[in-house]
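The numbering of the sequence shown is the UniProt record's numbering, which starts it at 1 and goes up by one. Backbone N, C-alpha and C fix where the C-beta goes; we use that ideal spot for every residue, glycine too. None of the values given here were measured: they were computed from a predicted structure. Worksheet for the structure shown next.
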Amino acid sequence: MSASRSHRLIAGHSPYPDQATGSTQPEDPAPQPPSVRLATPLPREQSVSSPPTPFPLQRLTSFPQLYVHTPAASRPAILAPPSTVPTLALPDPVFPNRRPSTSSPAVLSSIPSSSTLPLHFRGNGAFNQAHDFTISHSQFIDASPAGLGLKHLFDYSMPDTFYNSSARYPPPKCHLGTRNDYIDLTTKWAVGESDRQESILWMRGPFGVGKTAIAQSCAEVLAPINKLAATLFFSRLNVDRDDPRRVFTSIAYQVATKCPSFREVVDKLMAEDPALTTVSLSTQFEHLVVHPLRKVDTAGSGLDGRVVIIDGLDECRGTAEQCEIIRIIAASAHNRTTPFRWFITSRPEDPIIRTMNSTPVSPFCSRIELPVSHAIDHEILLYLTDEFKKIREDHGLPESWPSDETLDVLVKRGAGLWIYVWAIVRFIKDDNSYGPNDQLRAVLEFAKDISAKVGEDNPLAEMDFFYTLIMQRVPLKLRTTVRKILLVYSTRHRGLAPISKVLRLSEEQLRRACASIQSVMELQSSDLESMHINFYHASFLDFMKDPQRSRELCICGDFLIGWRRELLEWLHEVCSRSTDSSHIVFPSGTVLPEGVSCPIHYQYVLYLFWALCGVSEHPLDSQAAMSLAELPFGKMLKLTEFTTRWPVLASSVRNNLPAELCDKIIRSAKCPISGCTNTKNIWILGHGVNETVPDQWSYGFQLGNNQNLSEGKCFCGAKRR
Numbered sequence: 001m002s003a004s005r006s007h008r009l010i011a012g013h014s015p016y017p018d019q020a021t022g023s024t025q026p027e028d029p030a031p032q033p034p035s036v037r038l039a040t041p042l043p044r045e046q047s048v049s050s051p052p053t054p055f056p057l058q059r060l061t062s063f064p065q066l067y068v069h070t071p072a073a074s075r076p077a078i079l080a081p082p083s084t085v086p087t088l089a090l091p092d093p094v095f096p097n098r099r100p101s102t103s104s105p106a107v108l109s110s111i112p113s114s115s116t117l118p119l120h121f122r123g124n125g126a127f128n129q130a131h132d133f134t135i136s137h138s139q140f141i142d143a144s145p146a147g148l149g150l151k152h153l154f155d156y157s158m159p160d161t162f163y164n165s166s167a168r169y170p171p172p173k174c175h176l177g178t179r180n181d182y183i184d185l186t187t188k189w190a191v192g193e194s195d196r197q198e199s200i201l202w203m204r205g206p207f208g209v210g211k212t213a214i215a216q217s218c219a220e221v222l223a224p225i226n227k228l229a230a231t232l233f234f235s236r237l238n239v240d241r242d243d244p245r246r247v248f249t250s251i252a253y254q255v256a257t258k259c260p261s262f263r264e265v266v267d268k269l270m271a272e273d274p275a276l277t278t279v280s281l282s283t284q285f286e287h288l289v290v291h292p293l294r295k296v297d298t299a300g301s302g303l304d305g306r307v308v309i310i311d312g313l314d315e316c317r318g319t320a321e322q323c324e325i326i327r328i329i330a331a332s333a334h335n336r337t338t339p340f341r342w343f344i345t346s347r348p349e350d351p352i353i354r355t356m357n358s359t360p361v362s363p364f365c366s367r368i369e370l371p372v373s374h375a376i377d378h379e380i381l382l383y384l385t386d387e388f389k390k391i392r393e394d395h396g397l398p399e400s401w402p403s404d405e406t407l408d409v410l411v412k413r414g415a416g417l418w419i420y421v422w423a424i425v426r427f428i429k430d431d432n433s434y435g436p437n438d439q440l441r442a443v444l445e446f447a448k449d450i451s452a453k454v455g456e457d458n459p460l461a462e463m464d465f466f467y468t469l470i471m472q473r474v475p476l477k478l479r480t481t482v483r484k485i486l487l488v489y490s491t492r493h494r495g496l497a498p499i500s501k502v503l504r505l506s507e508e509q510l511r512r513a514c515a516s517i518q519s520v521m522e523l524q525s526s527d528l529e530s531m532h533i534n535f536y537h538a539s540f541l542d543f544m545k546d547p548q549r550s551r552e553l554c555i556c557g558d559f560l561i562g563w564r565r566e567l568l569e570w571l572h573e574v575c576s577r578s579t580d581s582s583h584i585v586f587p588s589g590t591v592l593p594e595g596v597s598c599p600i601h602y603q604y605v606l607y608l609f610w611a612l613c614g615v616s617e618h619p620l621d622s623q624a625a626m627s628l629a630e631l632p633f634g635k636m637l638k639l640t641e642f643t644t645r646w647p648v649l650a651s652s653v654r655n656n657l658p659a660e661l662c663d664k665i666i667r668s669a670k671c672p673i674s675g676c677t678n679t680k681n682i683w684i685l686g687h688g689v690n691e692t693v694p695d696q697w698s699y700g701f702q703l704g705n706n707q708n709l710s711e712g713k714c715f716c717g718a719k720r721r
């Protein structure tokens with residue numbers, strides 16, 4: 001067939017099985033996109049200010065993130081946000097299988113000669129892997145199902161932040177009869193029945209006063225009356241709930257599920273250009289929110305005046321990004337480019353306060369202060385009374401339990417801090433105890449003990465004492481294990497399956513350890529491979545990381561440094577005993593849980609060690625650094641498997657080393673391998689006989705076997721003469 005002849009090329013999809021979906025929107029359902037995934041996940045926007053952490057190349061549930069060693073040209077962009085140690089990039093959510101659309105094929109505009117095919121034509125069809133060819137005078141018909149663009153958008157959203165997400169179930173919300181004044185104030189503003197006419201309503205207050213509960217309750221009031229546009233409940237401790245680059249994609253997706261005409265525009269935009277998810281925040285907002293709204297009759301569509309709820313903005317990753325989100329929303333309010341009202345809650349952090357008070361933002365923002373106050377003691381009493389009634393009924397306790405005097409003590413100690421009261425109730429309900437009577441007795445003794453130490457009105461200090469009580473009641477034989485779990489988790493390695501492998505814990509042992517602190521967290525998922533921790537509040541891990549607050553229970557400071565030293569000694573012994581990845585010999589007495597091989601355990605420990613070496617404000621002392629300098633780095637890499645690549649931020653590690661030993665451990669220099677054609681500096685590990693060149697990464701090096709080289713390739717990845 002002549003190349004000049006007009007062609008009609010149809011990209012088709014195979015049928016997909018029916019599957020019921022748990023749609024919760026009150027309006028028309030979204031088109032049913034197929035449950036196909038891109039061969040390579042969509043790249044995320046790179047951070048400009050500092051090096052990002054790695055992007056997952058495949059759906060994995062184990063930590064650390066494994067990398068299939070592929071040629072540099074074919075690797076996806078390196079994507080996640082900066083941190084002191086590499087971040088575990090968890091897999092994107094899977095869109096449920098849905099019935100494909102039966103809509104007619106869309107006719108694309110003619111593609112000029114020598115042009116590149118649209119992204120959505122690259123796949124398993126006629127042009128799979130094709131390149132460097134020309135099609136002239138052609139017309140293409142896109143027969144891909146409607147909804148494919150929406151599926152791309154969903155893949156780059158944060159569904160776990162939605163108000164009705166199963167990941168947040170049961171969500172924190174106001175107890176019946178409490179916080180009615182704040183809920184009424186907010187919902188009346190939301191429906192236009194308030195004197196407050198500003199498009200932005202900002203509720204600020206310190207941690208633990210109930211901002212999230214109020215936001216959740218407002219969402220549940222507004223959703224049934226079709227006044228809710230979108231919700232984002234941020235959490236910096238929980239998986240996939242703190243990414244600023246997914247804020248406007250998440251909002252656009254939720255709006256699309258509520259408005260068919262908006263959905264149609266966004267679906268087409270994303271199908272034509274999935275890379276819209278990788279652009280800057282302001283460009284995302286313009287293309288995925290503002291542009292589609294221009295093509296929608298907002299009044300007729302029911303979008304006019306709907307509310308976007310953004311809870312816990314201070315827990316969104318990056319203060320610069322938090323402020324940029326505020327400025328983008330305020331500019332939209334000023335220019336009237338969106339029909340929405342914006343309800344934002346946060347702690348009173350300085351960058352957020354300055355931005356909210358700035359000239360471009362302040363005129364469009366109304367404020368609500370949520371203080372810590374005894375004025376809500378009657379609401380706390382109501383909550384405690386109802387909760388203790390449930391405990392009595394569940395455990396067959398007498399009507400007189402607890403006494404009025406006990407309730408008075410608990411209300412007084414709460415001092416208006418809801419997180420404190422909620423934590424006490426969870427502590428008393430803890431099934432992993434001798435029962436509610438014993439737990440209540442411990443709380444009362446604790447209250448009596450601290451009253452003299454912190455005074456009568458210092459609930460924030462009391463919160464620390466209460467967290468101390470929770471940790472002190474963890475059995476001694478489990479306490480170190482629990483602290484190690486929390487430390488690994490705090491380095492952003494969120495999966496529990498990898499934590500169990502690095503700590504050599506069976507699933508039963510892991511569950512038992514986590515159950516000892518279930519007053520402050522819960523395990524999500526019954527399957528170990530997908531299991532992760534959900535903390536009820538970020539303040540607990542903040543407490544555990546601060547040596548001034550948690551003292552001898554702290555997971556950082558001396559505890560981190562001591563464990564890092566143990567891991568280094570272990571690596572020395574393993575390297576001295578072993579030959580290669582097929583013959584790894586551990587110290588005597590090492591027992592691995594069922595299903596964990598020696599190479600897997602070695603690789604997890606190796607990665608954890610280097611991650612801990614990069615934790616800021618935890619430098620290696622001279623003795624530890626000298627020991628690290630003598631590590632046989634070539635053998636260290638040789639013991640790993642060929643198929644894995646685990647990235648290390650070299651600068652973070654180097655910044656933690658004594659100046660006199662830096663270059664003996666890790667340095668940036670020209671490749672020392674004879675015949676290497678690389679003219680740029682690379683990262684080199686070790687010195688003398690221990691020197692080796694690891695596989696290179698844009699911001700450091702990768703832990704992986706560097707022996708299996710392609711012909712003519714250097715260790716650093718360059719060609720050899």
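Between Thr640 and Ser581, the gap from beta carbon to beta carbon is short of 9 angstroms. For Gly562, the three-state secondary structure derived from DSSP is helix.
In the structure shown, Ala718 falls within a coil segment according to DSSP collapsed to helix, strand and coil.
Rounded to whole angstroms, the Cβ separation of Arg241 and Ser235 is 4 angstroms, and the two are in contact under 8 angstroms. Contact check for Gly208 against Met544 fails: the beta carbons are separated by 9 angstroms or more.
Closest option to Gly149, judged by alpha-carbon separation, among Asp267, Thr406 and Ser358: Asp267.
With respect to the 9 angstroms criterion, Leu469 and Ile485 are not classified as neighbours on the basis of their beta carbons.
Phe466 is a Cβ neighbour of Phe427, given a cutoff of 9 angstroms. Annotated as proximal: Leu444 and Thr406, with beta-carbon spacing under 9 angstroms. A Cβ-Cβ separation of about 14 angstroms leaves Lys501 out of contact with Ile584 under the 8 angstroms criterion. Take the alpha-carbon of Glu617 and the one of Gly302: they are about 52 angstroms apart. DSSP places Ile329 within a helical segment (H, G or I) once states are collapsed to three. Around the beta carbon of Phe340, 16 or more other beta carbons sit within 10 angstroms, so the residue counts as buried.
The C-beta of Arg263 has 16 or more other C-beta atoms within 10 Å across all chains shown, which makes the residue buried. With a cutoff of 9 angstroms on beta-carbon distance, Ile391 and Trp418 are scored as not near each other. Minimum Cα-Cα distance from Lys635 among the listed residues Cys676, Tyr169, Ser578 and Lys412 corresponds to Ser578. Cα atoms of Ser539 and Gly435: separation of roughly 26 angstroms, rounded to the nearest angstrom. Here the segment 212-220 makes contact with the segment 165-180; the two share three or more CB pairs at distances below 8 angstroms. Cβ-Cβ distances below 7 angstroms link Asp314 to Gln322, Ser346, Arg347, Glu349 and Ile352 in the same chain, with the five nearest sequence neighbours on each side left out; the list follows chain order.
Annotation: the segment 636-697 contains the following complete segments of the alpha helix (DSSP H) (minimum length 4 residues), in chain order: 650-655 and 662-665. Straight-line spacing of the CA atoms in Leu370 and Leu222 works out to 21 angstroms. Taking 3 residues as the shortest admissible run, the segment 295-326 contains the following complete beta strand (DSSP E) segments, listed from N- to C-terminal end: 307-311. In the three-state DSSP reduction, Met521 falls in the strand class (E or B).
Three or more beta-carbon pairs separated by less than 8 angstroms are not found between the segment 679-693 and the segment 603-620, which leaves the two stretches without contact. Remark: C-beta atoms of Phe248 and Gln284 approach each other more closely than 9 angstroms. In the assembly as shown, Gly675 is an exposed residue. Its beta-carbon has fewer than 16 other beta-carbons within 10 Å.
Under the 8 angstroms Cβ criterion, the segment 686-702 counts as touching the segment 623-637, having at least three qualifying pairs. Under the three-state reduction of DSSP, Phe535 is assigned to strand. Comparing C-alpha distances from Tyr169 to each of Leu232, Val289 and Gln524 shows the shortest one belongs to Gln524. Each residue's CA atom was taken as its position, placing Gln603 and Val574 some 12 angstroms apart. Under DSSP, Leu703 shares a beta bridge with Trp646.
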